[in-house]
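Please read the structure below before turning to the comments.
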Amino acid sequence: MTDAPDWSQISVPLELPEVKDEITYQRVVMNSGATWDYFPGHFDPAYAESQGHPTIFVNTMHLAGFADRIATDWAGPDSRVVRRKMRLIGSIYAGDTMVGRGRVVAKRRDASVDPPRHLLDLQIDVTNQRGELCCPVELTLQLPG
Amino acid sequence: MKPISYQLAFGTYEDALRMVGVASEPRTAGTVVSAARIQMFAATVRDRNPSYWNAEFATRTWGGLLAPPGLLMGWLTPPPWEPTGQPPVSAIAIRVPLPGTTFINAANEAEFPLPIVEGDLLTIVEEVVSVSPEKRTRLGTGHFVETLDTFTRQDGTVVARNRNTLFRFTPGAPS
Numbered sequence: 184m185t186d187a188p189d190w191s192q193i194s195v196p197l198e199l200p201e202v203k204d205e206i207t208y209q210r211v212v213m214n215s216g217a218t219w220d221y222f223p224g225h226f227d228p229a230y231a232e233s234q235g236h237p238t239i240f241v242n243t244m245h246l247a248g249f250a251d252r253i254a255t256d257w258a259g260p261d262s263r264v265v266r267r268k269m270r271l272i273g274s275i276y277a278g279d280t281m282v283g284r285g286r287v288v289a290k291r292r293d294a295s296v297d298p299p300r301h302l303l304d305l306q307i308d309v310t311n312q313r314g315e316l317c318c319p320v321e322l323t324l325q326l327p328g
Numbered sequence: 678m679k680p681i682s683y684q685l686a687f688g689t690y691e692d693a694l695r696m697v698g699v700a701s702e703p704r705t706a707g708t709v710v711s712a713a714r715i716q717m718f719a720a721t722v723r724d725r726n727p728s729y730w731n732a733e734f735a736t737r738t739w740g741g742l743l744a745p746p747g748l749l750m751g752w753l754t755p756p757p758w759e760p761t762g763q764p765p766v767s768a769i770a771i772r773v774p775l776p777g778t779t780f781i782n783a784a785n786e787a788e789f790p791l792p793i794v795e796g797d798l799l800t801i802v803e804e805v806v807s808v809s810p811e812k813r814t815r816l817g818t819g820h821f822v823e824t825l826d827t828f829t830r831q832d833g834t835v836v837a838r839n840r841n842t843l844f845r846f847t848p849g850a851p852s
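In structure tokens:
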């Protein structure tokens, strides 16, 4: 994260490094512990199966956190997520691997606020290990400067 | 099947429509934004961003350890047990009376006008924006419930808005 990109130097479009994360049972249980979301589909495999799922799955906040991590790992810790829009079209289950592929799709200077904000729009697709799209994300980062 | 621990409200689609446009009373988090929860969430998603871990860096950059944007909804999620013995107050989306026996999230859009930092005490106002007519999906039959949460901090400033769409349904293969 020492090589944070300079907003003025970024040319669009730009691919971000692919990020993979193995989601074990422990990680799904940590998800409930961290978010206080104890919907039983997130910790009780029997409940999840009764609802038509193969097993327990991570919640929206976990997917959001993964997308945010991909964005700010690349842009550096002085950047901040100011908007994120996500569609949940498939679930990430315990035993799956999340794969995040991001790219910068636009670069904007927002002069509607003072001082103007330097923004980057990213598209991040979260798929599972079978390449099935689970969560397409549109994310806007504010960069310093 | 085990009863769901969340307090789902049951009713008809017509009952649900009566809640559209209704904003909840403001609800304030039981505790302030804390380093412990910030770091447990960062550990869960394996995010090494020093904004969550390094108090000196975070204070210089944001005014305190930064609340991970992904954890936004978690700050107003009550603990799963409270000493009153009453079931925890659930999000407005699952208090909308509908027939569906369970739910899953379908979409979310969050905006963060200002950073939320350690020590902030957040208050939420929740509003039901829309309830769809009955739909069939691969999971079952039910309704999409769209809500809008507005988060303010202790000085009344809006720090986040969260628009969420949840699918409230009864499991079953589409016929």
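One line per chain: the protein sequences are A and B, in this order. Residue numbering for the first sequence follows this note's numbering, beginning at 184 and increasing consecutively. Residue numbering for the second sequence follows this note's numbering, beginning at 678 and increasing consecutively. Where is the CB? At the ideal position from N, CA and C, for every residue including glycine. On a predicted model such as this, the values are computed, not experimentally measured, just so you know.
Given that residue 728 of chain B touches chain C, what residues does it touch there, using C-beta distances under 9 angstroms?
Reference to chain C is not applicable here, since the protein chains of this structure are A and B.
Do residue 822 of chain B and residue 871 of chain B count as a contact pair if the criterion is CB distance below 8 angstroms?
A query on residue 871 of chain B cannot be resolved here, the shown segment of chain B reaching from 678 to 852 and no further.
With a cut-off of 8 angstroms on the beta carbons, I'd call residue 250 of chain A and residue 320 of chain A a contact; round off their distance for me.
4 angstroms
Proximity below 8 angstroms, CB of residue 218 of chain A to CB of residue 718 of chain B:
yes
Should the region 259–275 of chain A be regarded as contacting the region 782–802 of chain B, the criterion being three or more beta carbon pairs within less than 8 angstroms?
yes
Is the distance from the Cβ of residue 272 of chain A to the Cβ of residue 317 of chain A below 8 angstroms?
yes
I'd like the list of long-range same chain contacts for residue 680 of chain B, defined as Cβ closer than 8 angstroms, with 5 residues on each side in sequence excluded.
With a pLDDT of 46 at residue 680 of chain B, under the threshold of 50, the modelled position of this residue cannot be trusted, and the question is left open.
So what's residue 240 of chain A in DSSP terms, helix, strand or just coil?
strand
In chain order, what residues of the same chain lie with their CB nearer than 8 angstroms to the CB of residue 292 of chain A, ignoring the 5 residues before and after it?
299, 300, 301 and 302
So residue 822 of chain B is in the beta strand (DSSP E); what residue range does that whole segment cover?
817–829
Nearest-angstrom Cα distance between residue 728 of chain B and residue 778 of chain B?
40 angstroms
Coil, strand or helix - residue 747 of chain B by DSSP
helix
When you compare each of B/849, B/842 and B/830 to residue 752 of chain B by their alpha carbons, which one comes out closest?
B/830
Residue 198 of chain A, DSSP secondary structure in three states
strand
Closer than 8 angstroms by C-beta to residue 184 of chain A: which residues in its own chain qualify, once you throw out the five before and the five after it? Chain order, please.
Here residue 184 of chain A scores only 46 on pLDDT, less than 50, and its place in the model is too uncertain to base an answer on.
Touching or not, the region 233–249 of chain A and the region 742–756 of chain B, by the rule of three or more beta carbon pairs under 8 angstroms?
yes
If residue 877 of chain B sits next to residue 819 of chain B, beta carbons under 8 angstroms apart, how far is it from one beta carbon to the other, in whole angstroms?
An answer regarding residue 877 of chain B cannot be provided, because it is not within the stretch 678 to 852 covered by chain B.
Is residue 286 of chain A near residue 198 of chain A, with beta carbons less than 8 angstroms apart?
yes
Would you verify that the beta carbon of residue 185 of chain A is, or is not, closer than 8 angstroms to some beta carbon of chain B?
Because residue 185 of chain A sits at a pLDDT of 48, beneath the cut-off of 50, its placement in the model cannot be relied upon, and the following sentence gives the value as read from the coordinates. It does not: the Cβ of residue 185 of chain A has no partner Cβ on chain B nearer than 8 angstroms.
If we call anything under 8 angstroms between Cβ atoms a contact, is residue 710 of chain B one with residue 793 of chain B?
yes
Using a beta-carbon distance below 8 angstroms, is residue 231 of chain A in contact with chain B?
no
Let me know the alpha helix (DSSP H) ranges lying completely inside the region 707–767 of chain B, each 4 residues or longer, listed in chain order.
712–721, 727–730 and 732–739
Looking at C-beta atoms only, is the number of pairs between the region 799–812 of chain B and the region 688–702 of chain B that lie closer than 8 angstroms three or more?
yes
Does the beta carbon of residue 243 of chain A come closer than 8 angstroms to any beta carbon on chain B?
yes
Is the CB of residue 764 of chain B under 8 angstroms away from at least one CB in chain A?
no
Per DSSP, what kind of secondary structure is residue 780 of chain B in: helix, strand or coil?
strand
DSSP beta-bridge partners for residue 786 of chain B?
A/268 and B/840
Taking Cβ positions only, does residue 312 of chain A come closer than 8 angstroms to chain B?
no
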